[in-house]
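Asks: Chains as they are written, first to last, in numbering that gives the first Met the number 0: chain A, 0 to 450; chain B, 0 to 98.
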Amino acid sequence: MVRVLIPSGALGLNYDPVALQRGIAARPDIIAIDGGSTDSGPSYLGRGVSKYARSSTKIEWAGLMEARAKAGCPLVIGTAGTCGTDSAVAWMLDITREIASEQGRPLKIAVLHSSQHPATIAQAYAEGRISPLSHAPDIDADIIKSCTNIVALAGAEQITAALNTGADIIIAGRTTDTAIIAALPLQKGCHAGGAWHGAKIGECGALCATNPQSGVVMIDFDAKGFTVTPMADNAKATPHTVSAHMLYENSDPFILLEPGGHLDVTAARYQAIDDKSVRVEGSEWIASDRYTVKLEGARGAGYQTVLMALLRDAHYVENAEIWAKDIIAKCTAKAIARLDTTTNDFNIEIRIIGKTASFGALETNTTLPPEAGAIGIVTAKTDALSQEIGKLLNPYLLHHPLTLEEEVPTFAFLFSPAEMPRGQTYAFVLNHVLELDDPMDAFTLEVLDIG
Amino acid sequence: MDRLKDIAEKVRSKNAGPFWLTIDIFCGSQAAYSQVTERLQNSAVAQLYGADSQLIKRFDIADLHVVKISLPRPEIQGSINDRDMHGASWAALLAEMQI
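(1) Which bits of chain A does leucine 92 (chain B) rub up against, with CB to CB less than 7 Å?
(2) Got a sec: is the Cβ-Cβ distance from valine 65 (chain B) to anything in chain A below 8 Å?
(3) Can you confirm whether phenylalanine 427 (chain A), when its beta carbon is compared against all beta carbons of chain B, has any partner nearer than 8 Å?
(4) Assuming alanine 373 (chain A) contacts alanine 308 (chain A) under a Cβ cut-off of 8 Å, what Cβ separation, rounded to an integer in Å, is found between them?
(5) Tell me where the alpha helix (DSSP H) around serine 385 (chain A) begins and ends.
(6) Entirely within the segment 22–63 of chain B and at least 4 residues each: give me those alpha helix (DSSP H) ranges in chain order.
(7) Nearest-angstrom Cα distance between serine 145 (chain A) and glutamate 406 (chain A)?
(8) What are the start and end residues of the alpha helix (DSSP H) that includes proline 27 (chain A)?
(9) Taking the C-alpha atoms as reference points, what is the distance between alanine 52 (chain A) and glycine 11 (chain A)?
(10) Return the chain-ordered list of same chain residues with a C-beta closer than 8 Å to the C-beta of arginine 268 (chain A), the five sequence neighbours on each side being excluded.
(11) May I ask you to verify whether the segment 34–54 of chain A touches the segment 95–109 of chain A, counting CB pairs closer than 8 Å and requiring at least 3?
(12) DSSP three-state call for isoleucine 335 (chain A): helix, strand or coil?
(13) For a contact defined as C-beta to C-beta under 8 Å, what are the partners of threonine 21 (chain B) on chain A?
(14) Output yes if chain B places a C-beta closer than 8 Å to the C-beta of aspartate 38 (chain A); else output no.
(15) Which residues in the same chain have their Cβ closer than 6 Å to the Cβ of alanine 411 (chain A), if we skip the five residues on either side of it in sequence?
(16) Roughly how many angstroms separate the alpha carbons of proline 416 (chain A) and leucine 401 (chain A), rounded to a whole number?
(17) Per DSSP, what kind of secondary structure is alanine 15 (chain B) in: helix, strand or coil?
(18) Which one of A:Asn393, A:Gly193 and A:Leu397 has the shortest CA to CA distance from valine 3 (chain A)?
(19) Would you grab the beta carbon distance between valine 241 (chain A) and proline 229 (chain A) for me? Rounded to a whole angstrom, and I think it's under 8 Å.
(20) Less than 8 Å between the beta carbons of glycine 201 (chain A) and isoleucine 5 (chain A), yes or no?
(21) Roughly how many angstroms lie between the CA atoms of arginine 57 (chain B) and leucine 246 (chain A), to the nearest whole one?
(22) For the alpha helix (DSSP H) containing tyrosine 124 (chain A), list its first residue and its last residue.
(23) Along the segment 214–239 of chain A, what residues have a CB closer than 8 Å to any CB found in chain B?
(24) With a CB to CB cut of under 6 Å and the five nearest residues on each side skipped, what residues in its chain are close to glycine 86 (chain B)?
(25) Specify, as a first and last residue, the run of the beta strand (DSSP E) that isoleucine 347 (chain A) falls within.
(26) DSSP three-state label for proline 211 (chain A), please.
(27) Output the distance between the C-alpha atoms of leucine 136 (chain B) and isoleucine 98 (chain B), rounded to the nearest integer angstrom.
(28) Under 7 Å Cβ-Cβ, which residues of chain A neighbour asparagine 14 (chain B)?
(29) For a contact defined as C-beta to C-beta under 7 Å, what are the partners of serine 88 (chain B) on chain D?
(30) Using a cut-off of 8 Å between C-beta atoms, extract the partners of aspartate 62 (chain B) located in chain A.
(31) Compare the C-beta of aspartate 83 (chain B) against all C-beta atoms of chain A and say whether one is closer than 8 Å.
(32) Whole-angstrom Cβ separation of leucine 161 (chain A) and leucine 444 (chain A), contact assumed at under 8 Å?
(33) For the candidate residues A:Arg67, A:Trp60, A:Asp38 and A:Ile58, whose alpha-carbon lies nearest to that of alanine 451 (chain A)?
(34) Under 8 Å, Cβ to Cβ, is there at least one residue of chain A near lysine 4 (chain B)?
(35) Assign serine 114 (chain A) to one of three DSSP states: helix, strand, or coil.
(36) Less than 8 Å between the beta carbons of leucine 93 (chain B) and isoleucine 22 (chain B), yes or no?
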């Protein structure tokens, strides 16, 4: 049996310290936690930075490093620093060094690098080793080369290689959410379908149980399947909470693609073994002929400046979309006339918060609110152009009348200055897999002694 | 005509990666599940989200009384036309749909 302790769905989301201690007392074989996701958007990957505060990350990671020392088992973090680039891994390593020196404990650290050189990926594309996943955007060599960061998602093989170094702590760059949990059970010969399925159930911590905020879950893997148990006093796993978790953030609730194959849970059986734990058997792992890893890439998508105004006059609230459309047309014409630019270089958008900001033309609810927010979004090729057009947009958002006959209105601005430069924005451009001859081909492993 | 939210217990949506959106309809009972599976048309969902109905994946999961619908994101996550980074608001549109 292999016992994996998962403190929470992500480092930075906090965990219940009492539940963690209970987990440690149950003598886990490994502690595994995810450090990232694409869920907060392309900027983190584009810039190669963490979305969570360094202070939160340090406090929570220090708690897990203490717990690891007490448990005497390895601690692994996957997708360190939100995006898992080399820069994010370096940030996490820096925090780890600081804590190690404060805790006065020498440690062996394995660092798994997942960053890819855009030129190498462009070469792989030219060689036909990159293929699109479902609904992937069109790409070419130039798009690949223009990425500021590309990462490959490591699977169980690369985490196993890191575990084999005998490291106390593994800081991994981008990995699949499940790989850090599945790797040790797979290495020890546990049921492969059970290993991946249990990993998927546990990857969000206690989200597969009641009281999801408590975070901490234990998963016991064996030759036939797995058993999941939340560690907090007031949390319970039931066949319903566990099986329903396969729905979460997954476009297909029965199939999960991983490097080297896929998990199929169609035949999985979920059984309550007491009022807290659930036993799962019957999940299948189907190995693929080719070994592929998923790629994620982001590149610059223009510089933004945003402005906000509030409309409280009922006449303007009701006609806000017409007002916004007229402003966009007039301000676009003014930008072209005054700045020697074209609409290839910039875009102006105004979204009406309170009415159509969520769904645009797809909104079906036409109820009028007492007030509406107008958010002006200028996206341009350069930062200077974006800020300049933001300044051109300012007087329109402040004073633009619906008709020439009416008195010039003045709307509420929230801030001075009204223009808020957001700097470079990014876009996700890859939803593809890279074929590898050997799982380690796109990854490197580094072993360090610290503290 | 009822809105989906008047029949189902909960409707939630979330990104399934940056390129897909997935919507889970928790019906809460066999009776509600039967009504939803019978009355909810994929073509109506496609129209609601401005999506191609051929690309909609639907899973009617009787054990959980859940209908799950996945579709290509109306806009790629975080692209300049995207309005909802995490994809969680999109559920409201379906919850309020008359079925």
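No residue lacks a Cβ here, since even glycine has one placed at the ideal position from N, Cα and C.
Replies: Well, looking at it:
(1) Phe358, Leu361 and Thr363
(2) yes
(3) yes
(4) 5 Å
(5) 382–398
(6) 29–38 and 41–47
(7) 49 Å
(8) Premise fails: proline 27 (chain A) is in no alpha helix (DSSP H) and is neither H nor E.
(9) 8 Å
(10) Val279, Glu280 and Gly281
(11) no
(12) helix
(13) Leu246, Glu248, Asn249 and Ser250
(14) yes
(15) Leu309
(16) 24 Å
(17) coil
(18) A:Gly193
(19) With a Cβ gap of about 10 Å, valine 241 (chain A) and proline 229 (chain A) do not count as contacting.
(20) yes
(21) 12 Å
(22) 117–125
(23) His239
(24) Ser12, Lys13, Asn14 and Leu20
(25) 345–352
(26) helix
(27) The shown model of chain B, from 0 to 98, leaves out residue 136 (chain B), and the question about it has no answer.
(28) Asp38 and Glu248
(29) In the structure shown, chain D does not exist; the protein chains are A and B.
(30) Ser242
(31) yes
(32) Correcting the residue type first, residue 161 (chain A) is alanine in the shown sequence and not leucine. That belief holds up - the Cβ atoms of alanine 161 (chain A) and leucine 444 (chain A) are roughly 6 Å apart, short of 8 Å.
(33) Lying before the first or after the last residue shown, residue 451 (chain A) is absent from chain A, which here runs from 0 to 450.
(34) no
(35) strand
(36) yes
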